[in-house]
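Peer 1:
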Amino acid sequence: MSATNQASWQRGRVVSIDPAADAIARIVLALDTPVRAEPGSHVDVRLDTGEVRSYSLVSAGADGRTVTLGVHLSPTSRGGSRFMHALRPGDELDVTAPLQNFPLRIGAPRYVLLAGGIGITAISAMGTALKGVGADYRLVYVARTRSAAAFLSELAGLHGDRLELHIDDEGTGLDVGTLVGGVDARTELYMCGPIRLMDAVRRAWVDRELPLPNLRYETFGNSGWFDAEEFVVKVPDLGVETTVGTDESLLDALERAGVDMMFDCRKGECGLCQVGIAAVDGTVDHRDVFYSEEQKTAATKLCACVSRVVRRPGAPAVPGTVTLAVH
Ligand code: FES
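What follows is the structure in structure tokens.
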């Protein structure tokens with residue numbers, strides 16, 4: 001069982017914590033040891049519970065001694081965002097040097113950067129870097145409301161008319177078909193946002209037969225096709241039956257019940273946490289980007305770190321139930 005990849009830990013001290021948008025905090029940390037932060041990198045932080053969470057680096061100070069994070073207070077928080085939002089200046093916590101699993105390749109003829117909601121935290125530094133090297137890019141930023149769009153004034157100031165804003169409740173929501181329809185085969189598209197948005201872009205990308213290596217993404221694995229609801233998980237071979245609350249993942253619930261789980265990313269990307277489904281009463285809400293569409297439809301496995309089960313339509317009083325197989 002592992003949670004990070006070769007991370008080097010140090011102490012970080014909270015310099016400031018301010019609202020960046022509705023339910024999003026801008027947190028600046030001072031670090032004992034200077035770091036080198038590349039676009040697309042993130043840091044892991046250790047919570048008061050000892051658990052580890054990953055947060056994208058919005059920016060880093062020129063001397064590498066400060067890093068800025070943007071943290072969304074999730075209504076289904078497993079404890080991470082609640083802990084982060086409760087930090088106050090002067091508080092200390094364990095934090096890693098920047099880790100990279102969403103690298104930006106410099107040198108493409110054109111770029112589209114697509115951020116949905118809090119996904120801007122993973123995309124923002126890419127925009128800064130592309131601006132810095134004089135690249136041809138567009139930064140497409142999608143949000144439900146203007147007040148939920150973090151870092152908007154800084155982004156507008158930096159990117160000018162290269163920033164393309166889509167606000168759902170202002171009637172300017174993103175048309176994915178138009179976005180992908182305007183991309184040519186040499187454009188690289190980097191995206192981070194809700195699963196629904198990224199799924200729609202991936203489907204349009206495949207339909208247009210654009211080169212798959214030019215589509216790169218990072219997911220937070222915290223949004224699905226259905227609202228999160230309680231469901232029951234059973235593992236008959238281990239004598240386990242427990243309820244998965246709306247504020248925890250299936251992986252959390254299985255660990256709480258004493259099941260020894262494997263995991264790494266906890267974001268629906270690596271597949272290490274996958275479990276076999278023996279039976280399901282309800283619908284599996286696949287929230288990962290690990291499985292293909294065919295595998296998701298077959299629903300013989302799911303990624304326990306992000307995916308959930310919802311009740312059958314027409315059975316509002318009966319929670320969804322998934323029975324897992326142990327191989
Ligand atoms: S831990 Fe990586 S997909 Fe679940």
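For the sequence shown, position 262 matches number 262 in the UniProt record's numbering, and the numbering has no gaps at all. From the three backbone atoms N, C-alpha and C, an ideal C-beta is built for every residue, glycine too. Note that this is a predicted model, so its numbers are computed, not measured.
(1) Can we count Asp-161 as close to the ligand FES, meaning its CB is less than 7 Å from some heavy atom?
(2) Give the secondary structure of Val-142 by DSSP, where H, G and I count as helix, E and B as strand, and everything else as coil.
(3) For the putative contact between Val-43 and Pro-89, defined by C-beta atoms under 8 Å, what is the C-beta separation to the nearest angstrom?
(4) So for Phe-231, helix, strand or coil by DSSP?
(5) For Asp-247, which of Ala-23, Leu-73, Ser-56 and Leu-238 has the nearest alpha-carbon?
(6) Tell me which same chain residues have a C-beta within less than 7 Å of the C-beta of Val-133, skipping the five on either side of it?
(7) Any heavy atom of the ligand FES within a distance shorter than 7 Å of the CB on Arg-266?
(8) Specify the secondary structure class of Met-84 as computed by DSSP and reduced to three states.
(9) Could you check if Val-28 is buried or exposed, using at least 16 other CB atoms within 10 Å of its CB as the buried criterion?
(10) For Ala-253, which option in Val-322, Ala-278 and His-286 has the closest C-alpha, if you only look at C-alpha atoms?
(11) Would you say the beta carbon of Leu-272 comes nearer than 7 Å to a heavy atom of the ligand FES?
(12) Measure the alpha-carbon distance for Gly-282 versus Leu-114 and round it to whole angstroms.
(13) Give a single yes or no on whether Phe-290 has its beta carbon closer than 7 Å to a heavy atom of the ligand FMN.
(14) For the ligand FES, any of its heavy atoms closer than 7 Å to the Cβ of Phe-263?
(15) Give me the Cα-Cα distance between Thr-300 and Glu-294, rounded to the nearest whole angstrom.
(16) Assuming Gly-79 contacts Thr-49 under a Cβ cut-off of 8 Å, what Cβ separation, rounded to an integer in Å, is found between them?
(17) Verify the contact flag: Cys-303, CB atom, against every heavy atom of the ligand FES, threshold strictly below 7 Å.
(18) Please find out if some non-hydrogen atom of the ligand FES comes closer than 7 Å to the beta-carbon of Glu-51.
(19) Within 7 Å: the Cβ of Glu-269 and any heavy atom of the ligand FES?
(20) Using C-beta distances below 6 Å, list every residue in its chain close to Pro-103, excluding the 5 sequence neighbours before and after it, in chain order.
(21) By the DSSP assignment, the beta strand (DSSP E) with Val-35 in it spans what residues?
(22) Pick out whichever of Val-183, Lys-131 and Asp-169 has its Cα sitting closest to the Cα of Gly-160.
(23) Which first and last residues belong to the alpha helix (DSSP H) in which Thr-297 is found?
(24) Below 8 Å on the Cβ atoms is my guess for Leu-189 versus Leu-155; work out the distance and round it to an integer in Å.
(25) Pairing CB atoms from the region 164 to 179 with CB atoms from the region 83 to 102, are three or more of them under 8 Å?
(26) Could you give the first and the last residue of the continuous beta strand (DSSP E) run that contains Thr-178?
Peer 2: Walking through what the data contain:
(1) no
(2) strand
(3) Rounded to whole angstroms, the Cβ separation of Val-43 and Pro-89 is 18 Å, and the two are not in contact under 8 Å.
(4) strand
(5) Of the candidates Ala-23, Leu-73, Ser-56 and Leu-238, the one whose C-alpha sits nearest the C-alpha of Asp-247 is Leu-73.
(6) Ile-106
(7) yes
(8) helix
(9) buried
(10) Val-322
(11) yes
(12) 33 Å
(13) With respect to small molecules bound, the structure shown includes the ligand FES and not the ligand FMN.
(14) Yes, the Cβ of Phe-263 comes within 7 Å of a heavy atom of the ligand FES.
(15) Taken atom to atom, the span from the alpha-carbon of Thr-300 to that of Glu-294 is near 11 Å.
(16) About 6 Å separates the two Cβ atoms, so the contact holds.
(17) yes
(18) no
(19) yes
(20) Gly-40
(21) From DSSP, Val-35 is part of no beta strand (DSSP E); its letter is neither H nor E.
(22) Gly-160 has its Cα closest to that of Lys-131, out of Val-183, Lys-131 and Asp-169.
(23) Per DSSP, Thr-297 belongs to the alpha helix (DSSP H) from 293 to 298.
(24) Rounded, the Cβ-Cβ distance is 18 Å, inconsistent with contact.
(25) no
(26) No beta strand (DSSP E) contains Thr-178, which is instead part of the alpha helix (DSSP H) from 176 to 181.
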